[in-house]
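**Q** Could you have a look at this structure, given as structure tokens, before my questions?
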Amino acid sequence: GMYNMLFLNKQKGLFEQPLHFQFVFGVLGGSPFSPGYLETLLNLKPPGATWSVCGVAKDQFRGGMCAAAWGGHIRVGLEDNIKMPNGKLAKGSWEQVAWAKKVTELSGREIAQGEDARKIFNCLREGVELE
6 GMYNMLFLNK
16 QKGLFEQPLH
26 FQFVFGVLGG
36 SPFSPGYLET
46 LLNLKPPGAT
56 WSVCGVAKDQ
66 FRGGMCAAAW
76 GGHIRVGLED
86 NIKMPNGKLA
96 KGSWEQVAWA
106 KKVTELSGRE
116 IAQGEDARKI
126 FNCLREGVEL
136 E
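All the letters of the sequence shown, read from the start, carry residue numbers 6 to 136 under the working numbering.
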């Protein structure tokens, strides 16, 4: 359904390109994370679109590791998961962000900063701020 709506709205010019896709796993009534399902979603996204993975509970870390390895972005935070991969309570979202940074660096990628992040997410228009 989501893909068809984006396709129809793209034809009407409602969205500025490139699009960003946030693939969410593990929500009640949704799909649990699996690399195979993520691969299917990636094959549906338009060429040049950026993407990230967000997962609830255990899906946050499994999805994040896969996203880092496959060239996507990772969303983490206490709003989706209160624990760390070892099962202990996170001290704050910052601890999960540190985990995401480490996973990204281990996959051989760099962390985007400032203007680079704005370019990646197409936030260079006037009035769009990330801070």
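Note that the Cβ used here is the ideal one computed from N, Cα and C, for glycine as well.
Computed from a predicted structure; not experimentally measured.
Between the beta-carbon of Q65 and the beta-carbon of N91, is there less than 7 Å?
**A** no
**Q** The beta strand (DSSP E) that contains L59, what's its start and end?
**A** Here residue 59 is Cys; the residue named in the question, Leu, does not match the sequence. Element bounds for C59: T55 to G60.
**Q** Since I79 sits in a beta bridge, which residues does DSSP pair it with?
**A** For I79, the beta-bridge partners assigned by DSSP are V58.
**Q** DSSP state of F66, grouped into three classes?
**A** Reduced to three states, the DSSP call for F66 is helix.
**Q** What number of angstroms, rounded off, separates the C-alpha of G41 from the C-alpha of L49?
**A** 13 Å
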